[in-house]
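Participant: Below is the structure I would like to discuss, written out as structure tokens.
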Amino acid sequence: MKSGPLPALGRCPLLLPFAGAVLGILVSEWGAWALLVAIVTSALFGGLWRFKPTVVAAALITLAFAILHDERRKQRDILAEEFQRKADISLTGTLLESNRAGLVRRLFETDEGARLTLDGLPREFRTGQRITLMGTPHKDIPSRNPAGWDPRDTLWKRGIAGSVEVTSAEMVGWSHGFPVLRGWSEEIRLNLIERLTNGIENRESAEVVQAVILGEKSTGSRAFDDFRKTGTMHVFAVSGLHVGLVALIVFGVGKLLRLPPRVLIWAVLFAMFGYAFITGLRPPALRASLMGALLLGRFLLLRRPSVVNNLFAAAIVVLFLDSFQLWQAGFQLSFLVVGVILLLEPLIWCRVEPHLAHDPYLPKPVWSRWQRFTHWSRNKVGKMFTVSLAAWSGSAPLSVFYFGWFTPIASFASVLMVMVAFLILCCAFLSLTLGSIAQPVALKLNAINGELAHFARHSAATMSNWPGAWMRYQNRAEWEEGMCVLDIPYGGAAIHLDAGGGVLIDAGSESSFWWIVDPALEAYGLSCDSLIATHNDAAHIGGLEEAARSFPVGQVLVPRESERYSLAELVTTCREENITLHYPDSTPRLPVDEETWIEVLHPGNPHSPRSDDRGIVVRIFQNGWSILVTADTGYETEKALLESGKHLQSDLWICGRNQRDSMGHDAFVKAVAPKAIIATEQSYPEAEQIPPVWKAWLENKGVAFFSQKEHGAVFVLPKGNELTLKGYLTGRKVRLTR
């Protein structure tokens with residue numbers, strides 16, 4: 220029979236049921252129920268009339284998936300509406316995930332079946348625990364910052380109603396069934412990470428090892444930058460590749476042990492599903508395990524398998540378990556890439572194979588051992604390249620669409636990285652096997668894995684520097700060579716200064732960093748090598764710990780006060796990352812570049828009863844313009860600044876509002892003499908809103924006033940003798956001259 224994709228398509232009766240599942244989800248999402256009734260009725264009538272069981276099954280699956288997805292949507296929408304109506308909410312349910320990296324770190328499911336994310340949940344709570352909690356729902360607000368992700372849109376596509384800032388939580392027992400199994404898998408993963416990275420001295424190499432084996436990556440880690448540029452990040456996302464490599468290792472060991480074929484097949488099945496379970500049953504791993512099970516199951520039943528049909532079967536199962544997967548980039552990439560490999564790779568191989576063959580006039584029986592080996596090795600390497608090229612052809616469009624990365628080098632780099640990943644997995648299996656009886660041997664194997672990871676990182680760095688290896692589609696930041704005062708909700712603040720290697724003054728809370736600050740910098744390819752923590756307030760500096768791990772930070776300026784809460788976590792992270800810590804009383808000036816530096820005007824009063832007045836006051840000098848940043852300080856700090864005798868005059872004043880004290884007194888405003896003020900205020904909390912009387916008084920004095928409650932983020936653009944302020948939401952521009 221002629222090889223190629225068409226015979227495979229002829230043996231995939233599950234194509235129509237898969238299309239029905241997708242159609243049912245789309246119809247439910249769009250609310251096109253009349254269209255659904257028409258399609259299902261027509262399909263049932265036609266299928267029964269012509270006796271087409273596949274068409275009948277597709278119609279029933281379409282109806283079932285539409286009803287299933289609609290029920291999930293209703294639960295999500297009900298809880299989301301409740302979030303908008305209530306200032307505080309009480310919920311009881313089960314913690315589904317507690318130890319994930321990324322935006323959805325702690326996933327919670329209520330007893331009614333709705334899902335939400337939790338911010339501020341103490342880390343001692345574990346997956347599978349039933350919890351009663353009180354919290355403040357994060358309200359739905361449109362994006363008020365450049366490149367800011369819409370939390371509602373992003374979370375809703377995952378079937379998540381929203382997020383809650385937890386104020387109190389109590390464990391009321393343990394759940395049953397799948398959540399408990401997920402909890403066990405998390406505990407197993409944590410144990411395996413400790414065992415498999417023990418003995419690896421380089422932290423970034425250890426991160427690469429644990430990412431290859433278990434798919435566990437630290438969000439924003441710099442260890443993976445060069446892998447992104449070479450298009451090989453799929454090596455660190457547990458997928459069909461990893462499941463296939465695990466199956467290959469178990470199959471090889473089974474052949475060495477001369478296991479009977481049926482026993483070997485069962486061992487491979489157990490290994491695939493066991494690996495998928497340990498790594499959290501992520502859709503790509505589940506897809507690969509299901510496809511492998513169907514493929515091997517047909518061998519057990521002595522029936523010819525259809526890989527394409529297995530792909531559709533796995534997709535139906537994954538969508539049945541979570542219909543919102545249809546909108547996820549991981550699901551789309553996983554199934555599209557496998558589909559393209561199955562369809563395109565045979566065509567590519569037909570063109571490549573003739574060029575790898577020996578002399579066609581030399582019969583195989585007379586080949587030497589060397590000729591047999593070279594023929595086998597050429598075919599294997601050639602097959603790897605054709606598969607890699609087909610995979611890249613499938614993933615490239617989605618990579619550009621979702622992430623802006625175009626990486627032609629990926630088709631070559633993936634071959635090398637897959638071989639390295641295979642060796643790392645082999646060493647990991649040996650380390651786990653021998654670790655209980657010969658710990659020194661396990662440590663040696665872990666060290667070898669560390670060297671393999673270092674080789675992979677070095678290779679990725681080398682290939683990423685090749686001409687034309689990668690391209691990143693990005694817009695230029697509106698605040699290029701200037702400053703962006705980001706609009707952080709719930710009394711937070713964050714300012715990015717695009718000078719030198721970049722400076723980040725505060726970063727909002729941890730969740731604000733991931734939803735607002737990091738996307739804004741990532742979208743425009745910006746970074747920061749200096750951080751400034753104004754005062755120990757989680758809404759201001761809770762995200763700086765994440766920033767210290769995500770960017771190539773070399774120095775951090777922190778207030779001289781007791782290291783507790785968010786400040787303690789930031790200081791600990793800086794010491795772990797070998798980042799230089801500066802204190803305001805010993806660092807009066809922080810250089811940024813030739814035209815920019817930051818002056819510490821006030822080190823803060825560590826003995827003040829108010830946290831806001833224990834903070835640092837700095838003044839930024841950029842291209843001859845001076846910008847005063849006072850954060851949330853009040854009268855106490857203003858009085859201290861006036862009594863210091865320092866020259867306070869500044870062109871621009873960026874200020875917040877002290878909750879328990881007044882600010883902006885006449886004498887202080889006169890000393891600063893600003894031409895414009897940016898107030899980092901929001902509708903909530905009310906205590907931090909700027910009094911309208913004070914705003915009117917300033918405007919009467921000719922001071923341009925930008926309230927973030929009205930303008931959202933504000934761009935500050937110094938250029939020669941002109942300083943331009945621009946509101947992100949309103950587009951209002953004010954030009955200051957000198």
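In terms of my numbering, the sequence shown opens at residue 220 and continues consecutively. Built from N, CA and C at the ideal position, the CB exists for glycine as well. Predicted model, so just to flag it, every value in this text is computed and none were measured.
Quick one: what's Pro356 bridged to in DSSP?
Facilitator: Numbered from 1 along the sequence shown, position 137 holds the residue referred to as residue 356. Val383, per the DSSP bridge assignment.
Participant: Return the bridge partner residues of Val775 from the DSSP annotation.
Facilitator: Numbered from 1 along the sequence shown, position 556 holds the residue referred to as residue 775. According to DSSP, Val775 bridges with Leu750 and Leu800.
Participant: Rounded to the nearest angstrom, what separates Arg838 and Val819 at their Cα positions?
Facilitator: One-based indexing of the sequence shown puts residue 838 at position 619. One-based indexing of the sequence shown puts residue 819 at position 600. Going by the C-alpha atoms only, they are around 7 Å apart.
Participant: Quick one: what does DSSP say Ser508 is sitting in, helix, strand or coil?
Facilitator: On the sequence shown, residue 508 is found 289 positions in, with the first residue counted as 1. In the structure shown, Ser508 sits in a helix (DSSP, three-state: H, G or I).
Participant: Rank Trp913, Gly950, Asn668 and Val912 by C-alpha distance to the C-alpha of His930 and give the top, closest one.
Facilitator: Position 711 of the sequence shown, counting from 1, holds the residue named residue 930. The option with the nearest alpha carbon to His930 is Gly950.
Participant: Put Val951 into one of helix, strand or coil per three-state DSSP.
Facilitator: Within the sequence shown, the letter at position 732 stands for residue 951. Val is not the amino acid found at residue 951; the sequence shown has Arg there. It is coil, neither helix nor strand.
Participant: State the beta-bridge partners of Cys703 as determined by DSSP.
Facilitator: The residue labelled residue 703 in the question sits at position 484 within the sequence shown. Per DSSP, His715 and Phe934.
Participant: Mapping the DSSP letters down to three states, classify Gly312 as helix, strand or coil.
Facilitator: Sequence index remark: in the sequence shown, residue 312 carries index 93 (1-based). In this structure, Gly312 counts as strand in the three-state DSSP scheme.
Participant: Out of curiosity, what's the CA-to-CA distance linking Glu350 and Ile308?
Facilitator: By one-based count along the sequence shown, residue 350 stands at place 131. By one-based count along the sequence shown, residue 308 stands at place 89. Per the sequence shown, the amino acid found at residue 350 is Ile instead of Glu. Using only the alpha carbons, I get a separation of about 14 Å.
Participant: Grab the span of the alpha helix (DSSP H) containing Lys474 for me, first residue to last.
Facilitator: On the sequence shown, position 255 is the one that residue 474 refers to. Note, Lys474: alpha helix (DSSP H), Gly459 to Leu475.
Participant: In three-state terms, what does DSSP make of Ala238?
Facilitator: Position 19 of the sequence shown, counted from the start, is the residue given in the question as residue 238. Ala238 falls in the helix class under three-state DSSP.
Participant: What residues in its chain sit with their C-beta under 6 Å from that of Lys945, if we drop five residues either side in the sequence?
Facilitator: Your numbering for residue 945 matches position 726 in the sequence shown. Closer than 6 Å at the Cβ level, and outside the excluded window around Lys945, lie Phe934 and Lys952.
Participant: So, using beta-carbon positions, are Met636 and Thr451 closer together than 8 Å?
Facilitator: Counted from its first residue, the sequence shown places residue 636 at position 417. Counted from its first residue, the sequence shown places residue 451 at position 232. Yes; because the gap between Cβ atoms is below 8 Å, this pair is in contact.
Participant: Pick out whichever of Phe455, Val427 and Lys358 has its Cα sitting closest to the Cα of His677.
Facilitator: As a working mapping, residue 677 is identified with position 458 in the sequence shown. Ranking the options by Cα distance to His677, first place goes to Val427.
Participant: Quickly, what does DSSP pair Thr350 with across the bridge? List them, please.
Facilitator: The residue given as residue 350 occupies position 131 in the sequence shown. Here residue 350 is Ile; the residue named in the question, Thr, does not match the sequence. Ile350 pairs with Gly312 and Met390.
Participant: Can you say whether Ala466 is buried or exposed, counting buried as having 16 or more other CB atoms within 10 angstroms of its CB?
Facilitator: Residue mapping note: residue 466 aligns to position 247 of the sequence shown, counting from 1. Flag for Ala466 reads buried.
Participant: Pull up the distance between the alpha-carbon of Pro356 and that of Leu337, whole angstroms please.
Facilitator: On the sequence shown, position 137 is the one that residue 356 refers to. On the sequence shown, position 118 is the one that residue 337 refers to. One C-alpha to the other measures close to 9 Å.
Participant: Measuring only the C-alpha atoms, how far is Thr792 from Ile760?
Facilitator: In the sequence shown, counting from the first residue as 1, residue 792 sits at position 573. In the sequence shown, counting from the first residue as 1, residue 760 sits at position 541. Straight-line Cα distance between these residues: approximately 13 Å.
Participant: Decide yes or no for the touch test of the region 745-754 against the region 830-850: beta carbon pairs closer than 8 Å, at least 3 of them.
Facilitator: Touching, yes, given that three or more Cβ pairs across the two stretches are closer than 8 Å.
Participant: With a cut-off of 8 Å on the beta carbons, I'd call Met682 and Ala632 a contact; round off their distance for me.
Facilitator: In the sequence shown, the residue the question calls residue 682 occupies position 463. In the sequence shown, the residue the question calls residue 632 occupies position 413. Met682 to Ala632, Cβ: 5 Å. Contact.
Participant: Note the first and the last residue of the continuous alpha helix (DSSP H) segment covering Lys663.
Facilitator: Walking along the sequence shown from the start, residue 663 turns up at place 444. Lys663 -> alpha helix (DSSP H) spans Gln658 to Ser683.
Participant: Any idea what DSSP makes of Val922, helix, strand or coil?
Facilitator: Sequence index remark: in the sequence shown, residue 922 carries index 703 (1-based). Reduced to three states, the DSSP call for Val922 is coil.
Participant: Measure the beta-carbon distance from Gly418 to Ala299 and round it to whole angstroms, keeping in mind my assumption that it falls under 8 Å.
Facilitator: For the purposes of this step, residue 418 is identified with residue 199 of the sequence shown, where counting begins at 1. For the purposes of this step, residue 299 is identified with residue 80 of the sequence shown, where counting begins at 1. Not a contact, Cβ separation roughly 48 Å.
Participant: Return the bridge partner residues of Ser845 from the DSSP annotation.
Facilitator: Along the sequence shown, read from residue 1 onward, the residue named residue 845 stands at position 626. Phe840.
Participant: Considering only residues of the same chain and omitting the five flanking positions on each side of Gln429, which have a CB-CB separation below 7 Å?
Facilitator: Locating residue 429 in the sequence shown gives position 210, where the first residue counts as 1. Taken in chain order, the residues that qualify are Ile412, Leu415, Thr416 and Glu435.
Participant: Leaving aside the five residues before and after Gly239 along the sequence, list all residues of the same chain whose C-beta is less than 6 Å from its C-beta, in chain order.
Facilitator: Counting from one through the sequence shown, the residue named residue 239 turns up at place 20. Only Ala277, Ile280 and Thr281 meet the Cβ criterion.
Participant: From the DSSP output, which residues share a beta bridge with His821?
Facilitator: The residue labelled residue 821 in the question sits at position 602 within the sequence shown. Its beta-bridge partners are Val836.
Participant: In the structure shown, what three-state DSSP assignment does Gly499 receive?
Facilitator: Taking the first residue of the sequence shown as 1, we reach residue 499 at position 280. In this structure, Gly499 counts as coil in the three-state DSSP scheme.
Participant: Assuming contact is defined by CB atoms lying nearer than 8 Å, are Gln927 and Thr899 in contact in what I supplied?
Facilitator: Indexing the sequence shown from 1 puts residue 927 at position 708. Indexing the sequence shown from 1 puts residue 899 at position 680. For Gln927 and Thr899, yes; Cβs fall inside 8 Å.
Participant: Write down the C-beta distance between Arg334 and Leu948 rounded to the nearest angstrom, noting that I regard them as a contact closer than 8 Å.
Facilitator: Within the sequence shown, residue 334 is the residue found at index 115, counting from 1. Within the sequence shown, residue 948 is the residue found at index 729, counting from 1. Between Leu948 and Arg334 the Cβ distance is about 30 Å, and since that is not below 8 Å, they are no contact.
Participant: Tell me the rounded alpha-carbon separation between Val462 and Ile468.
Facilitator: Along the sequence shown, one-based indexing puts residue 462 at 243. Along the sequence shown, one-based indexing puts residue 468 at 249. Approximately 10 Å, taken between the alpha carbons.
Participant: Quick one: grab the DSSP three-state call for Thr791.
Facilitator: Walking along the sequence shown from the start, residue 791 turns up at place 572. In this structure, Thr791 counts as helix in the three-state DSSP scheme.
Participant: Where Val482 and Phe492 are concerned, what is the direct C-alpha to C-alpha distance, given to the nearest angstrom?
Facilitator: What you label residue 482 is simply residue 263 of the sequence shown in a count that begins at 1. What you label residue 492 is simply residue 273 of the sequence shown in a count that begins at 1. Straight-line Cα distance between these residues: approximately 16 Å.
Participant: Within 10 angstroms of the Cβ of Trp959, are there 16 or more other Cβ atoms? Answer buried if so, exposed if not.
Facilitator: Shown here, the chain extends from 220 to 957; a query on residue 959 therefore has no answer.
Participant: Is the region 683-691 touching the region 721-730, taking contact as three or more C-beta pairs under 8 Å?
Facilitator: Verdict: no, contact absent.
Participant: Taking the C-alpha atoms as reference points, what is the distance between Val383 and Glu343?
Facilitator: Working through the sequence shown from its first residue, we reach residue 383 at position 164. Working through the sequence shown from its first residue, we reach residue 343 at position 124. Distance between the alpha carbons of Val383 and Glu343 is about 18 Å.
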